[in-house]
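Read through the structure below, which is laid out as structure tokens, and then see the notes.
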Amino acid sequence: MPAGLVAARMLGDSPAMSLFLIVALPFLGAVLPGLMIQAGRRTCFLTTLLTTAAAAIGLASHAPAILRGETVMARLPWLPELGLDVNLFLDPLGFMFAGLILGIGLLIITYARYYLSRDDNMGEFYSYLLLFQGAMVGIVLSDNILMLLVFWELTSLSSFLLIGFWKHLPEGRQGARMALTVTGMGGLAMIGGMLILGQIAGSYDLSVILTKGEMIRQSPLYLPALILILLGCFTKSAQFPFHFWLPHAMAAPTPVSAYLHSATMVKAGLFLMARLWPVLAGTEAWTVIVSSAGLATMVIGALIAIFKNDLKALLAFSTVSQLGLITFLLGTGTPFGAMAAVFHILNHASFKAALFMTAGIVDHAVHSRDMTRLGGLRRLMPITFAIATLAGLSMAGIPLLNGFISKEMMLEEALHTTLFGTPLLVAVVAGIGALLSAAYSFRLIAHTFLGPERTDYPAHPHDPEPGLWLPPILLMIPVIVLGVAPFLAEPFVKLVTGAVIGPGAQLPKEHLALWHGLTPALGISAAAVLGGLLILSVQRPLARLWDAAPRPEAKAIFDALIGAIVAAARLLTSRLHDGAFTRYAAIMVAAVLAAGLHAWFTGSGWTPGREMLPVTPAALAAWAMLVVASASLVVIHRNRLAVLVLMGIIGLMVSVGFNYFSAPDLALTQISVEVVTIILLLLALNFLPNRSPAESGAARRLRDGLIALAGGGAAAALIYVILLSDFPAASISDYHLANSYKGGGGDNVVNVILVDFRGFDTFGEIIVLGIAALVIYALTETLLSGPVRARLLNRGYEEDRAGDAHPLMMVVLTRVMMPIILMVGVYIFMRGHNEPGGGFVAGLVVAIAVVMQYMASGFEWAAKRQRYPYHGIIGAGVLVAGLTGIGAWFVGAPFLTSAFGYVTLPPLEKFELATAMGFDLGVFLAVVGAVMLSLESFSRLGRRAGTEVNDHPMDIDPSRSARRTDPMGQLDAPAGPGHSADRAASNQAEES
Amino acid sequence: MIDIALYIALGAVGLAQLLAMARLVIGPHVGDRILALDTMVINAIGLIILMGILWGTQIYFESAMIIAMLGFVSTVALARFVLRGDIIE
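Residue numbers (the numbering used here), protein chains in the order written: chain A, -18 to 973; chain B, 202 to 290.
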């Protein structure tokens, strides 16, 4: 059913944007900034802003329905067989997250406009940012968990691009790699967990999975699924012990840190834990794993944050700590914990994004983020000071600011939680966490803005333009309003909490309020604030102790671990891939042999199902020739040219054999391929010595010989067995024979298979062929533009040279042959559909006709007369074939469906026209282009210095010397025969 | 009657093919080998045509034509390589 219909029905009459569009808008918009940057930074910025704003308005159009407690669904089947459908749904939880992503996105885009310097490529930045935004919105709106995984990986990839945005900074690149490794590995684990979850529930749709909580918790696979999914969530949300990547991701531009690493991406893990809360939470395992990981992260992150001097590093670890707090709340598994978590997600997003932005402002104005070089900025940067103080105090948990309310709720929850059978343990740890949080928040304010003004700032501090301070100021509105009047947020928070805990559970009765009376939580809070102030006063001596104490450095451990893995992988691959082809071949043959022998001896035995055909003298002779040719090839294999000649026989005899066994199509192809191969190999021989050196000793040669004999013998035995067996299943040949004319309109089954039955394969193959030719071209270009060029040009010749470069006989012969060969090419092409032939063979034949001209009159001469670049011919071929296939769409048939009919043109007999011919034309063009491009590239590579460029097709031309007597022919004289003969003589004199 | 003639012809061309093959393997010079290969190409055309007449079908005509038309290109390329060291100058 079309998605719009479902959405409209669920919404009643109110118009609302399709969920698909909300998710698609950022992705569609991602191409715009890159284009719009041509029109200036302002246009680029506005385009990005409007794209996000459009998505945000689309989201807002659903607000009435969401606030009424409805859920909006949009469905689109994609791969229903795999359970992978583009199903989206919007409930209060998704609405809150999508609102955060798009709302803060708007502020960040504005902030980045003023933050990025002229040297930064703004278009690229905004493109990445929109990609990321789309992926995030996709995660929070996905109904299908497989879709969710796709978006999940997309956030990892796009954040990789964003963290490494400053490609010139090694920290940026390393941080980006580390983030990608950690979150990517987590994502991999999560794929496993999600698949298990889907298997248990019998559906990959969240809306179904969420109703089967009891069944999933009872399943024996619950624990593996839980652990795998949590690995994904913990890595993404930087929970201990995977917290280390987040601080290193701070090498990103500050808007990225503010957006990804405080407000959105790191919350994806929290979102998923909240999303799957009704299914996964409520068990012992969940509580123990999640809440202890959360508590550990909260304390460790906060402790490290106190001793970081870099503003952004401090904020990074404070984010780690705050994420730990939320994880702990989700881990308790109670509705009240969920409510506190939801509220703190909102609060944290507001104050942390603002704090990152002020850190960016300070960096921008003072050119330093090092707190040992800052201090005393409160008078110099009053606006920044005000914002940072408000946000910082909110983070510390000071009353009348929103951070206080949710922190109070967290302590309340901690008092009611018991872990490991020890009451008060959680409360004490949570209290320590709160205390350390207060300490780093105070330190952030005190060491940046308070204290005496200094004279040695790296740059003169000043408040920035409004574009930089307006976004964080807007974020201060919720910080203050929700701090003073938390009840304003209560309906919405409870709505979201309801979505987290599921419809069956009881909503908590507690209210969001500033004053709950003199509770134990308030006591802990007060103690934490006082303790925080105390730590601030002794921070400097403590920091000296901290620096002196040995502690594990996460980056060093990570690098060592990665180094060890790489070394282990290298140990294996260097054994398997040491660059010697003989080794690869030996490993491959031995492995195939072992597998084949295993299959043979464990199989069900074999009885011949057919009689041997009689051995005719002709067949015996041909067989003998093949054997002798192969055997002599082994004997003389060091003489490369002789090997080529012998290969010529093998090709020739094989094509005679194809004829003998009634396969004229294959024979035609074999013959033309043979010629092209010889030419290509001769061109390659240009760069190789004529004899290949002996590199291996007798023992190794014996070993390799034995492996080769075994492999060859096994192949022969296998063929013998197959030829004497009946087909294990009915052959498809009969189907092809029966349908070739009916379905494809051709009598030649081989051709109909190529252009119709398996047309899609052929289409893929001509593309691969074209790519291969382009790669040869690209390699040639690279070699010719590098230092190898000089060596290539100055190669000598191994042997003496004789004769003309462009002999008369050859030029005349090839010129006469060319139209004949072209005509034969046309003939073979046209008859291909009904009789042996077709585009492939015709392409080879025509390519040979053209390459003959290169051989006869030289590269330059022929290249000058070739008007269409071979890349273009390849491209035209692929396009023609593709367009023919697409043509079928216009009559409502699937891609590459062919049609045929009969046409009568008066002087001709009635003939058949099939669309397959258009497709075959594409094959023809692609083959001509690919063969010519590779041959041309090789011969360009093989050119030597001192080769004279000839203006005439042949060196000795009797007609030119005849003309020399008449005055008009004077111009030709210098290149005349006399000159040419002199040159040939002098060439030989030089070389001898 | 024609069959007997065809069998004799097939035998003769087949023998010629074997002899050319022997020359190709013996050599001793690369020129001998190239000439032997060229002879074998001509013989192959003969074999294919004879088979076609024997079996009364025209379907092998194209193969023979293509070999006749393009077979010489390999010979020329090999000869150019031996003489000039480069096949496209």
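No residue lacks a Cβ here, since even glycine has one placed at the ideal position from N, Cα and C.
Continuous alpha helix (DSSP H) assignments of at least 4 residues falling wholly in the segment 717 to 800 of chain A: 730 to 733, 740 to 765, 769 to 774
Selected residue, minimal CA-CA separation from residue 205 of chain A, among A:893, A:179, A:696: A:179
Where residue 494 of chain A falls: helix, strand or coil (DSSP): The answer is coil: DSSP assigns residue 494 of chain A none of H, G, I, E or B.
Cβ-based contacts, 8 Å cut-off: residues of the segment 657 to 674 of chain A near chain B: Of all residues in the segment 657 to 674 of chain A, 659, 660, 663, 664, 666, 667 have a Cβ within less than 8 Å of some Cβ in chain B.
Sequence-distant residues of its chain with Cβ nearer than 7 Å to residue 955 of chain A (five each side left out): Its pLDDT being 44, under 50, residue 955 of chain A is placed unreliably by the model, and the measurement read from it follows with that caveat. If we look at residue 955 of chain A and ignore the five residues flanking it on each side, it has no Cβ neighbours.
Contact list for residue 649 of chain A against chain B, beta-carbon separation under 9 Å: 263, 264, 267
Length at least 4, wholly inside the segment 296 to 328 of chain A: the alpha helix (DSSP H) runs in chain order: none
Within chain A, partners of residue 245 of chain B - CB distance below 7 Å: 633, 637
Buried/exposed call for residue 838 of chain A, threshold 16 Cβ in 10 Å: By the neighbour-count definition (other C-beta atoms within 10 Å, threshold 16), residue 838 of chain A is a buried residue.
Neighbouring residues, chain B, relative to residue 652 of chain A (Cβ below 8 Å): 264, 267, 268, 271, 272
Test: residue 281 of chain B CB closer than 8 Å to a CB of chain A: Output row for residue 281 of chain B: interface = yes.
Beta-carbon proximity of residue 246 of chain B to residue 649 of chain A, cut-off 8 Å: no
Anticipated Cβ contact below 8 Å, residue 73 of chain A with residue 469 of chain A, distance rounded: Contact doesn't hold; Cβ gap of about 16 Å is too wide.
Inter-residue CB distance, residue 287 of chain A and residue 520 of chain A (contact presumed, cutoff 8 Å): With 8 Å as the limit, residue 287 of chain A and residue 520 of chain A qualify as a contact, their Cβ atoms being about 7 Å apart.
Residue 289 of chain B at chain A interface by Cβ criterion, 8 Å: yes
Buried versus exposed call for residue 562 of chain A [16 or more other C-beta atoms within 10 Å across all chains shown]: By the neighbour-count criterion, in which a residue is buried when 16 or more other Cβ atoms sit within 10 angstroms of its Cβ, residue 562 of chain A is exposed.
Exposed unless 16 or more other CB atoms sit within 10 angstroms - verdict on residue 951 of chain A: Reliability fails at residue 951 of chain A, whose pLDDT of 44 lies under 50, so the model's placement of it is uncertain and no value is given.
Residue-chain proximity (residue 817 of chain A, chain B), Cβ-Cβ < 8 Å: yes
Residue 55 of chain A (DSSP reduced to helix, strand or coil): strand
Interface positions of the segment 611 to 623 of chain A facing chain B (Cβ-Cβ less than 7 Å), listed along the chain: 613, 622, 623
C-beta contact flag for residue 170 of chain A and residue 207 of chain A at 8 Å: no
Given residue 66 of chain A as reference, the closest of A:186, A:296, A:172 once Cα atoms are compared: A:186
The segment 752 to 780 of chain A: positions lying closer than 8 Å to chain B by Cβ: 778, 779, 780
Partner residues on chain B for residue 640 of chain A, Cβ-Cβ distance less than 7 Å: What residue 640 of chain A touches in chain B: 249, 252, 261, 264.
Check whether residue 331 of chain A and residue 290 of chain A have beta carbons under 8 Å apart: no
Cross-chain neighbours of residue 206 of chain B in chain A, by beta carbon under 7 Å: What residue 206 of chain B touches in chain A: nothing, since even the nearest Cβ is about 16 Å away.
Rounded separation between residue 595 of chain A and residue 614 of chain A - CA only: 29 Å
Coil, strand or helix - residue 289 of chain B by DSSP: coil
Proximity test, Cβ basis, 8 Å: residue 215 of chain B and chain A: yes
Check whether residue 355 of chain A and residue 429 of chain A have beta carbons under 8 Å apart: Their beta carbons are under 8 Å apart, which means residue 355 of chain A touches residue 429 of chain A by this criterion.
Those residues which DSSP pairs with residue 672 of chain A across a bridge: A:620
8 Å Cβ shell around residue 260 of chain B - same chain, five flanking residues per side excluded: 253
Beta carbon proximity, residue 234 of chain B to chain A, threshold 8 Å: yes
Per DSSP, the bridge partner or partners of residue 60 of chain A: A:65
Three-way DSSP call (helix, strand, coil) for residue 216 of chain B in this model: Residue 216 of chain B falls in the helix class under three-state DSSP.
Amino acids of chain B, ordered along the chain, whose beta-carbon sits closer than 7 Å to that of residue 791 of chain A: 277
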